[in-house]
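Numbering (the UniProt record's numbering), first residue to last: 1 to 190. Note that beta-carbon positions come from the ideal geometry of N, C-alpha and C, so glycine has one too. Below: one structure, written as structure tokens.
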């Protein structure tokens, strides 16, 4: 999980803002938005940002394939060594980057992440992506946009806009990594 986007591991307190059915519904909507924006599934590559962006990208690829009847290239883009906060954050082991065999050159790459917060994770992802090729276009799909941007970055596809206080934390749990699907918000003054 990206340090700037979510609560610490093991934090389970807070109020639920999205349940499993809600997450399924918003991912289906995002899949359709991606298809509409691209005018079909041709030349789309989905790249999830570890850790929770990867299962979200796989779910989106499956939903798009369900609609289009063909597989969508899907992979993972590790951004660990591209982060600008390596000195301040606890050490995190790099995760594997998996670029589909078709590559990213000339493709529409959709970066997928769980929470958009400061924009620094996305900036790091853009730097990492540049080392793997030159896409025709790059779009961003996020499950939750919580605001508080520090960089001029905006998501093209958002599951839920969730205005938060900076003192609050947003925790995304997914069945693939946490045994259940939910988005909760905790902390802050009530």
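Buried or exposed, going by whether 16 or more other CB atoms sit within 10 Å of the CB of residue 109? buried
For a test of the three-state rule: what should DSSP assign to residue 121, helix, strand or coil? Three-state result, residue 121: helix.
From 65, 132 and 113, pick the residue whose C-alpha is nearest to that of residue 98; which is it? 132
Grab me the residues of residue 78's own chain with a C-beta within less than 6 Å of its C-beta, minus the 5 sequence neighbours each way, in chain order. 50, 94, 95 and 97
Quick one: what's got a C-beta closer than 6 Å to residue 36's C-beta in the same chain, skipping five residues either side? none
Stretch-stretch touch, CB-based, cutoff 8 Å, three pairs: the stretch 15-25 with the stretch 118-125: no
Grab the span of the alpha helix (DSSP H) containing residue 36 for me, first residue to last. 20-38
Where does residue 71 land, buried or exposed, given buried means 16+ other C-beta within 10 angstroms? exposed
Would you please state the rounded distance, in angstroms, between the beta carbons of residue 135 and residue 104? I believe it to be under 8 Å. 5 Å
So for residue 54, helix, strand or coil by DSSP? Residue 54: helix per DSSP, three-state reduction.
Separation of residue 40 from residue 31, as counted between CA atoms: Cα to Cα, the separation comes out at about 11 Å.
Anticipated Cβ contact below 8 Å, residue 183 with residue 17, distance rounded: 5 Å
Would a C-beta distance cut-off of 7 Å place residue 130 and residue 82 closer than the cut-off? no
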